[in-house]
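Enquirer: Numbering (full-length UniProt numbering), first residue to last: 1 to 264. The beta carbon of each residue, even a glycine, is placed where N, CA and C say it ideally should be. Keep in mind it's a predicted model, so treat the numbers as computed, not measured.
#1: Which residues does DSSP list as the beta-bridge partners of residue 180?
#2: So, do the segment 207-214 and the segment 160-180 have three or more beta carbon pairs nearer to each other than 8 Å?
#3: When DSSP labels each residue in this structure, what does residue 28 get in the three-state scheme?
#4: Output needed for residue 139: all residues of its chain with C-beta closer than 7 Å, excluding positions within five of it in sequence on either side, in chain order.
#5: Would you report the Cα separation of residue 31 and residue 123, rounded to the nearest angstrom?
#6: When you compare the CB positions of residue 33 and residue 134, do they come within less than 9 Å of one another, or not?
#7: Please report the residue range of the alpha helix (DSSP H) in which residue 270 lies.
#8: DSSP puts residue 163 in a beta bridge; with which residues?
#9: Please look up how many angstroms separate the CB atoms of residue 103 and residue 196, rounded, as I've assumed it's under 8 Å.
#10: As an exercise, report each continuous alpha helix (DSSP H) stretch of at least 4 residues that is fully enclosed by the segment 207-237, in chain order.
#11: Quick one: using the 10 Å Cβ neighbour count with 16 as the cut-off for buried, is residue 143 buried or exposed?
#12: Name the DSSP bridge partner or partners of residue 205?
#13: Buried or exposed for residue 171, going by 16 or more other Cβ atoms inside 10 Å?
#14: The beta strand (DSSP E) spanning residue 121 covers which residue range?
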């Protein structure tokens, strides 16, 4: 797209791991998943604050010099029904035309909806055709594509933001480098990456969560530390802006972490 950003080349040795089992699992439970997780009610207020910070970073053109009167001001009004605080508003010189965001690993589109409702132009992509079918059904005004995170079907520099919201968790360590390289490739200069994931080490069998409802499937989740995710981001030319690491909530087995990073 002519943005002129130089990113490290995608190394042919970066593994593209076989995620056919993950695709099959989510195809199998797609309708159940969409029904049980239609929106952001499962996210904590802290998690959504990080998403809101990402949205503000994506929509605000920090390359434009500011006068005092251009500084963003908090929006007035109560929190929305899903618990999120209002998105900052004002004469903050929002970057017209540069607020395109990729929801990479969008599932049934619930976070795509959250982003779109807050002013982002969203493209969703997911490995699972079943999940994309649910996203298109429930959010017909948004655009969704079936594709793996390791092979994004977009030109370089296509997006001001890429969100990996709990979408790296089914990829083993050897496949992470390729995912972050692809995310960096499609980011514009000054673009932002947001990654959310379960915090820790090792793996968990999360197929059991669906076997309770009668689904016979295998699904493994990989936990990562914030340092590991930051290292992957930095290896492809991104720089950490901030991170959130929190303890498990009432219905969570593991801690949660969110990393916000910026492209050169």
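Expert: In terms of the structure at hand:
#1: Position 180 of the chain shown, counted from the start, is the residue given in the question as residue 180. Looking at the DSSP assignment, residue 180 forms no beta bridge with any residue, so it has no partner.
#2: no
#3: The residue labelled residue 28 in the question sits at position 28 within the chain shown. Of the three classes helix, strand and coil, the one that applies to residue 28 here is helix, per DSSP.
#4: Position 139 of the chain shown, counting from 1, holds the residue named residue 139. Excluding sequence positions up to five before and after residue 139, its CB lies within less than 7 Å of the CB of 109, 112, 113, all in the same chain and listed in chain order.
#5: Taking the chain shown and counting its residues from 1, one reaches residue 31 at position 31. Taking the chain shown and counting its residues from 1, one reaches residue 123 at position 123. Distance between the alpha carbons of residue 31 and residue 123: 21 Å.
#6: Looking up residue 33 in the chain shown gives position 33. Looking up residue 134 in the chain shown gives position 134. Cβ atoms of residue 33 and residue 134: closer than 9 Å.
#7: Because the chain is modelled from 1 through 264, residue 270 falls outside the range shown and cannot be assessed.
#8: To locate residue 163, count along the chain shown from 1; it is residue 163. 103, 194, per the DSSP bridge assignment.
#9: Along the chain shown, read from residue 1 onward, the residue named residue 103 stands at position 103. Along the chain shown, read from residue 1 onward, the residue named residue 196 stands at position 196. That belief does not hold up - the Cβ atoms of residue 103 and residue 196 are roughly 12 Å apart, past 8 Å.
#10: For the segment 207-237, whole alpha helix (DSSP H) runs of length 4 or above, ordered along the chain, are 208-211, 226-235.
#11: Here residue 143 refers to the residue found at position 143 when the chain shown is read from its first residue. Classification for residue 143: exposed.
#12: Along the chain shown, read from residue 1 onward, the residue named residue 205 stands at position 205. Beta-bridge pairing links residue 205 to 220.
#13: If you number the chain shown from 1, residue 171 lands on position 171. Here residue 171 is buried, its C-beta having at least 16 other C-beta atoms within 10 Å.
#14: For the purposes of this step, residue 121 is identified with residue 121 of the chain shown, where counting begins at 1. Looking at the DSSP string, the run of the beta strand (DSSP E) that includes residue 121 is 121-126.
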